[in-house]
Every structure is written in C-alpha cells, then in structure tokens.
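Number 456 in my numbering belongs to position 432 of the sequence shown; there are no gaps in the numbering.
Here a beta-carbon is modelled for each residue, glycine too, at the ideal position from N, C-alpha and C.
Structure, as structure tokens:
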Amino acid sequence: MPPALAFEHVSMAFPGVKALDDVSFEVRAGSIHALMGENGAGKSTLLKILSGAYLPSGGSLAIDGHPVAFRGTADALAAGVAVIYQELHLVPEMSVAENLFLGHLPQKFGIVDRRALAEAARRQLELIGEDIDPATKLGQLSLGQRQMVEIAKALTRGARLIAFDEPTSSLSDREVRRLFTIIRELRTRGCAILYVSHRMEEIFALCDRLTILRDGRHVETAELASLTRDTVVQRMVGRKLADIYNYAPRPRADTGLVVENLCGPGLAEPLSFAAAAGEIFGLFGLIGAGRSELLKLLFGATPKTSGRITLAHRELAFNSPRDAIAAGVVLCPEDRKKEGIIPILSVLENTNLSARRRRARAGLFINEAWEQANARERTAQLRVKTPSVLQLIRHLSGGNQQKVILGRWLSEPVNVILLDEPTRGIDVGAKGEIYTIIQDLARRGVCVIVVSSELPEVLGVSDRIAVMRQGKIAAILDRADATEEKLLTLALPLESTLAS
Ligand SMILES: Nc1ncnc2c1ncn2[C@@H]1O[C@H](COP(=O)(O)OP(=O)(O)OP(=O)(O)O)[C@@H](O)[C@H]1O
Ligand SMILES: [Mg+2]
25 MPPALAFEHV SMAFPGVKAL DDVSFEVRAG SIHALMGENG AGKSTLLKIL SGAYLPSGGS
85 LAIDGHPVAF RGTADALAAG VAVIYQELHL VPEMSVAENL FLGHLPQKFG IVDRRALAEA
145 ARRQLELIGE DIDPATKLGQ LSLGQRQMVE IAKALTRGAR LIAFDEPTSS LSDREVRRLF
205 TIIRELRTRG CAILYVSHRM EEIFALCDRL TILRDGRHVE TAELASLTRD TVVQRMVGRK
265 LADIYNYAPR PRADTGLVVE NLCGPGLAEP LSFAAAAGEI FGLFGLIGAG RSELLKLLFG
325 ATPKTSGRIT LAHRELAFNS PRDAIAAGVV LCPEDRKKEG IIPILSVLEN TNLSARRRRA
385 RAGLFINEAW EQANARERTA QLRVKTPSVL QLIRHLSGGN QQKVILGRWL SEPVNVILLD
445 EPTRGIDVGA KGEIYTIIQD LARRGVCVIV VSSELPEVLG VSDRIAVMRQ GKIAAILDRA
505 DATEEKLLTL ALPLESTLAS
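Following this line, the structure appears as structure tokens:
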C-alpha cells in the first residue's frame with residue numbers, strides 16, 4: 025500500500041535562506057508522525073507547503089501514491105489535507121456552526137438554512153465528542169475549544185491527513201488530554217497525522233514515528249520505540265547536551281523587590297512576598313492560577329487597586345509599563361506574538377526598540393553604531409537564526425522571534441526582569457542558552473521572576489518557588505525542598521472548591 029503522504033526531494037528557498045533542502049520522507053495512514061527540529065529547522069515551512077500556502081521551489085508531494093501539486097490552500101483541502109496552525113484561522117465574530125461550514129453553508133432557496141446548519145454542526149461536534157453549543161460565538165470559547173472546532177472543521181471537509189503545528193503550547197492540561205484522545209481516535213479511523221512539537225514528553229506519549237530536521241535537511245525517520253530522548257536531542261541539535269539548567273547557587277542580597285498586600289485583577293486576596301536582588305524566584309501554577317496577572321500588576325500593565333511594591337526600599341509607585349521600564353522593571357510577556365514583536369520591523373529594530381525609546385525620552389538621537397553592535401551581539405548570544413539583523417522579524421521562525429524579544433530586554437539596564445514562560449516554543453538546545461542567561465542576570469544582581477508551567481524547568485532554574493492557586497500564593501518553597509509532587513499537589517484546586 026502506498027504511504028498516505030510522501031515528501032519527495034522537497035526544497036524551499038526564501039531570499040537569503042534555504043528553509044528546506046531536499047527533504048524526503050513518508051507518513052503512513054493510521055499513524056501519528058512527529059516532526060521535530062530546532063527553531064528555524066523548517067518544520068512550519070514544510071507544513072505550509074503541505075497546506076498549499078507555499079509552492080515548494082523544488083521537489084513534490086504524493087498522496088496515496090499519486091503526485092499532487094497544490095496551487096493554493098483550496099487544492100490541499102480538496103485533496104483531504106488539513107493543517108492546524110498555532111494561530112488558528114477561525115473567525116471569532118461568527119458562531120461555531122458558521123465557522124464549521126464557512127464557504128459551504130447549507131442553503132435553501134438561496135438563503136442559509138439555519139436549522140440544517142445547526143443540525144449539521146451539532147452532528148459534527150458530536151463526532152469528536154465535544155459538547156459545545158453550535159450557536160456560541162467562537163470568540164467566547166477557550167483556546168482549547170477553538171482548537172477542537174478547528175479539528176471538527178477539518179473532519180467536516182473529509183480530511184484524511186491532518187497536520188498540527190505546536191498545538192498544545194497554549195492549552196491547559198485538561199485540554200491537552202482531550203486533544204490527545206481525539207488525535208488517537210483519528211489514528212484509529214485511519215487518518216495520517218503529522219505532529220510538530222518541542223515537548224519531548226508529548227512526542228513520546230503520543231507518536232508512533234518521528235522525523236528529525238536540522239537546518240532544513242532531513243536527518244532521520246524512525247520508529248519512536250527505537251529511540252531514546254537523549255538520541256533524539258542529540259540528532260536534533262547535532263551535539264550532546266550537558267546539564268541544561270546550569271544552576272549554581274549565588275549569594276543573595278538582603279534587599280530586593282518587596283510586595284506587600286498587593287491587590288488587583290486576577291488576585292483573590294492581598295498578596296505579599298519578597299524576592300532578593302540576585303535571586304531567581306519561580307512562579308509555578310496551573311493555567312489561570314493568576315501568575316501572568318501578578319506579573320502584569322508588578323509591571324504596571326494592569327493598575328493595582330492597592331498595596332505597596334518597593335525595590336531596594338524605594339517605593340515603585342508606577343501605574344504604567346513606561347514608568348516600570350524607566351525604573352528598570354521589565355516584562356517579557358507570554359504571548360510574544362501579540363504583545364511583543366512588531367512584525368513590519370527588522371530584527372535590529374525589534375531588538376533596540378526599548379533602548380531607542382529610552383534614548384528618545386532622554387532627548388538623544390538614535391545611535392546607529394551602537395544599535396548595530398547591540399543587535400549583532402544579542403542575536404549571537406541567543407543564536408537567533410536569521411540571514412542578517414536587517415531581516416524583517418516576521419520572516420523568522422516562531423522560536424527565533426521569541427529569542428529576539430528576550431534579547432530586547434537583555435539590551436537594557438534592568439533591576440527586575442519578569443519572564444512569562446520564557447522557553448515556550450523554544451527548542452531544547454536554545455532552552456539551555458536561555459537558562460544560562462537567566463543565571464548570568466541573577467549573578468549580576470538582577471531580581472529574576474520566572475513564570476513556568478513546566479515542572480522540570482521551574483525546579484531546574486529557581487532558587488525558590490512560589491506556587492499559585494486560584495489567585496493566591498499557596499506556598500513558597502526553597503529549591504532544596506521542592507519536588508514535582510509537592511508543587512503539583514499545591515497547585516491543584518482544593519477539593520472543597522471543586523465540589524461547590
Ligand atoms: N516568509 C519567509 N521569508 C524568509 N524566510 C523565511 C520565511 N519563512 C520562513 N523563513 C525561514 O525559514 C527557516 C525555517 O523556518 P520555519 O518557520 O519553518 O522553522 P520552524 O522549524 O518551524 O521553527 P520554530 O520551531 O521556531 O517554529 C527559518 O530560518 C526562517 O527564518
Ligand atoms: Mg514553527
């Protein structure tokens with residue numbers, strides 16, 4: 025039987041970048057096929073070719089043994105291919121039902137047949153076991169539910185070949201489990217699944233086979249059972265990784281950031297804690313526990329309603345990010361796509377954005393030589409994959425865009441750095457570099473507050489860890505006392521509240 029999908033000598037060139045170079049491998053029906061590789065390895069580009077969004081500059085695709093040439097996404101859909109991107113392509117203002125049948129709404133006498141539409145939508149959602157009212161506006165659903173609608177939509181169009189690009193990066197644990205159940209169900213029905221993720225645990229839990237790309241080239245395709253995590257990492261990054269956390273204890277200053285009775289949106293009760301200069305203070309919790317909200321309050325992005333924040337005994341009385349940055353308090357947000365990058369500017373401009381604003385406020389002109397040198401230094405430090413610092417940031421791969429945003433804050437004189445999920449979407453090799461930078465910042469006396477949902481990460485980088493639960497700090501643990509079990513137990517909602 026021919027493979028469900030075959031990439032045959034696929035290449036893709038962009039000006040100055042060879043994103044894919046002679047990639048060939050096969051994906052079988054009834055199997056979940058992982059696609060892994062470092063940031064910029066070419067994974068998303070391959071999926072865009074599969075979706076018909078890009079025409080490859082060389083090579084071809086075959087479905088069920090028949091060569092295909094997609095001239096657009098409609099061709100791919102007609103051939104039974106659906107690609108589910110991280111940024112979902114649904115319309116938030118329309119209902120779930122309308123989104124499901126967008127472009128082919130059931131009609132009666134030339135007008136949309138509402139009843140037929142609702143009925144068909146309900147059936148389609150039932151098929152994937154989702155209990156969503158088809159009349160709900162899509163914008164009201166959680167990210168996880170939207171993803172389910174996207175999958176239902178793919179099935180509505182009879183997709184037999186479904187590709188996912190980092191689908192779990194914004195999902196809660198429960199949503200991830202639902203998604204996996206559905207993906208396994210699709211496998212049982214004989215679909216071929218292509219699955220891109222940086223999360224090793226997911227890959228080993230879910231997938232049957234694995235293809236590794238490095239620098240746009242195919243490294244290997246193998247049964248997952250024949251591989252260990254170490255070999256996968258080694259083949260992805262082309263070298264052996266030592267202990268990536270690079271942790272070393274540091275002397276802790278007796279001053280730092282002190283938060284007293286902080287109140288504001290997202291917090292359930294007045295919140296107090298202190299983090300020393302030179303300390304790495306981890307914030308662990310489940311999605312929705314209030315960690316990002318806390319960071320936004322500390323940064324002045326959401327105004328606090330009461331409470332006091334001091335840094336080295338000086339009160340930080342700001343209520344805007346501008347003043348926070350001026351006081352050396354910076355936030356690297358979780359959703360860098362939305363809050364971080366300016367897509368139409370270059371890597372250089374995105375790196376220097378904040379330094380530029382600071383100079384402008386001080387009445388100084390742009391210092392071009394310094395900006396050039398700074399952008400070069402940051403891209404080298406973070407190993408950003410880009411042909412030059414003049415490249416538009418939107419042409420960089422997802423993970424590399426994130427590195428640029430981190431570089432922006434490393435260009436600034438900071439006292440407190442607030443990092444919200446700093447390694448989300450970043451490959452294993454680059455994660456190690458980010459941990460090293462975090463350690464360096466702390467050694468230089470910066471107070472680092474890191475939000476992370478990944479247990480090994482929060483345990484690996486932090487000196488102390490605060491566990492947040494339902495808008496409160498449930499406990500603060502020393503590194504030596506913290507274990508995965510303890511953190512999880514503290515993070516889970518209390519039984520009594522679950523029952524009510
Ligand atoms: N439209 C474009 N113009 C120029 N270069 C591009 C374009 N799209 C992608 N690239 C480049 O192609 C390479 C592969 O990018 P791609 O997005 O496929 O990587 P990826 O493996 O998905 O990485 P990540 O894990 O960071 O998402 C990168 O070097 C990227 O900068
Ligand atoms: Mg990508």
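Starting from the N-terminal side, write out each stretch of the beta strand (DSSP E) that is 3 residues or longer and does not extend beyond the stretch 96 to 142.
-> Listed in chain order, the beta strand (DSSP E) runs fully inside the stretch 96 to 142 are 105 to 108, counting runs of at least 3 residues.
Could you tell me which residues DSSP pairs with His-57 in its beta bridges?
-> Looking up residue 57 in the sequence shown gives position 33. Partner(s): Leu-218 and Arg-233.
Quick one: measure Cβ to Cβ for Ala-313 and Gln-463, integer angstroms, because I've assumed they're closer than 8 Å.
-> The residue you call residue 313 lines up with position 289 of the sequence shown. The residue you call residue 463 lines up with position 439 of the sequence shown. Between Gln-463 and Ala-313 the Cβ distance is about 26 Å, and since that is not below 8 Å, they are no contact.
Can you find a heavy atom of ligand 2 that lies under 7 Å from the Cβ of Gly-422?
-> Here residue 422 is taken as the residue at index 398 of the sequence shown, counted from 1. It does: the Cβ of Gly-422 is within 7 Å (strictly closer) of some heavy atom of ligand 2.
Could you please give the first and the last residue of the uninterrupted beta strand (DSSP E) stretch that includes Lys-42?
-> Here residue 42 refers to the residue found at position 18 of the sequence shown. Its beta strand (DSSP E) spans residues 41 to 51.
Length of the line joining the Cα atoms of Ser-412 and His-57 | The residue given as residue 412 occupies position 388 in the sequence shown. The residue given as residue 57 occupies position 33 in the sequence shown. About 33 Å.
Hey, Gly-76 and Thr-97: beta-carbon distance below 8 Å or not?
-> If you number the sequence shown from 1, residue 76 lands on position 52. If you number the sequence shown from 1, residue 97 lands on position 73. Yes, the Cβ-Cβ distance between Gly-76 and Thr-97 is below 8 Å.
Local conformation of Pro-91 per DSSP, three classes | Locating residue 91 in the sequence shown gives position 67, counting from the first residue. Three-state DSSP puts Pro-91 in a strand.
Strand pairing of Phe-305, partner residues [DSSP] | As a position in the sequence shown, residue 305 is number 281, starting the count at 1. Answer is Ile-473 and Arg-488.
Among Pro-27, Glu-457, Val-257 and Leu-319, which has the Cα closest to the Cα of Arg-223?
-> The sequence position of residue 223 within the sequence shown is 199, counting from 1. Taking only the C-alpha atoms, the option nearest Arg-223 is Val-257.
In DSSP terms, what Asp-444 is bridged to | Within the sequence shown, the letter at position 420 stands for residue 444. Looking at the DSSP assignment, Asp-444 forms a beta bridge with Val-475.
Taking the alpha-carbon positions, what's the Ala-466 to Phe-188 distance?
-> The residue given as residue 466 occupies position 442 in the sequence shown. The residue given as residue 188 occupies position 164 in the sequence shown. Taking the straight line from one Cα to the other gives about 37 Å.
Buried or exposed: which applies to His-242, given that a residue is buried once 16 or more other Cβ atoms fall within 10 Å of its Cβ?
-> As a first step, residue 242 must be located in the sequence shown, where it is residue number 218. Buried, because 16 or more other Cβ atoms sit within 10 Å of the Cβ of His-242.
Alpha-carbon spacing of Ala-53 relative to Arg-503, whole angstroms | Reading the sequence shown from its first residue, position 29 is the one you call residue 53. Reading the sequence shown from its first residue, position 479 is the one you call residue 503. Going by the C-alpha atoms only, they are around 46 Å apart.
Nearest-angstrom Cα separation, counted from Ala-102 out to Glu-143 = As a first step, residue 143 is located in the sequence shown; it is residue number 119 there, counting from the start. As a first step, residue 102 is located in the sequence shown; it is residue number 78 there, counting from the start. Glu-143 and Ala-102 have their C-alpha atoms spaced approximately 23 Å apart.
Compute the Euclidean distance between the alpha carbons of Leu-281 and Ile-500, then round it to the nearest angstrom.
-> The sequence position of residue 281 within the sequence shown is 257, counting from 1. The sequence position of residue 500 within the sequence shown is 476, counting from 1. The straight-line gap from Cα to Cα measures roughly 15 Å.
Compare the Cα-Cα distances from Asp-46 to each of Ser-55, Val-34 and Leu-388 and report the closest residue.
-> Position 22 of the sequence shown holds residue 46. Ranking Ser-55, Val-34 and Leu-388 by Cα distance to Asp-46 puts Val-34 first.
List the endpoints of the continuous beta strand (DSSP E) containing Ile-497.
-> Looking up residue 497 in the sequence shown gives position 473. Where Ile-497 is concerned, the enclosing beta strand (DSSP E) stretches over 496 to 502.
What does Thr-334 pair with, by DSSP beta-bridge criteria?
-> Taking the sequence shown and counting its residues from 1, the one referred to as residue 334 is at position 310. The partner list for Thr-334 (beta bridge, DSSP) reads Val-282 and Glu-339.
Check whether the Cβ atoms of Arg-238 and Met-260 sit closer than 8 Å, and answer yes or no.
-> Taking the sequence shown and counting its residues from 1, one reaches residue 238 at position 214. Taking the sequence shown and counting its residues from 1, one reaches residue 260 at position 236. Cβ atoms of Arg-238 and Met-260: closer than 8 Å.
In terms of residue numbering, what span does the alpha helix (DSSP H) encompassing Val-428 cover?
-> To locate residue 428, count along the sequence shown from 1; it is residue 404. Counting along the chain, the alpha helix (DSSP H) containing Val-428 begins and ends at 422 to 434.
So does the stretch 423 to 438 actually touch the stretch 371 to 380, counting three or more Cβ pairs closer than 8 Å?
-> Touching, yes, given that three or more Cβ pairs across the two stretches are closer than 8 Å.
Can you tell which of Thr-192, His-128, Leu-218 and Ser-196 has its C-alpha closest to the C-alpha of Lys-177?
-> As a first step, residue 177 is located in the sequence shown; it is residue number 153 there, counting from the start. Checking every option, the nearest Cα to that of Lys-177 belongs to His-128.
Measuring CA to CA, which of Glu-50, Gly-309, Lys-42 and Val-428 is closest to Pro-517?
-> Working through the sequence shown from its first residue, we reach residue 517 at position 493. Considering only alpha carbons, the answer is Gly-309.
CA-CA distance, Arg-146 and Pro-158?
-> As a working mapping, residue 146 is identified with position 122 in the sequence shown. As a working mapping, residue 158 is identified with position 134 in the sequence shown. The straight-line gap separating the alpha-carbon atoms of Arg-146 and Pro-158 is approximately 6 Å.
Which whole-angstrom value is the C-beta distance of Thr-375 and Ala-399, which I expect to be below 8 Å?
-> For this step, residue 375 is matched to residue 351 along the sequence shown. For this step, residue 399 is matched to residue 375 along the sequence shown. Contact between Thr-375 and Ala-399 holds, with the beta-carbon distance rounding to 4 Å and staying under 8 Å.
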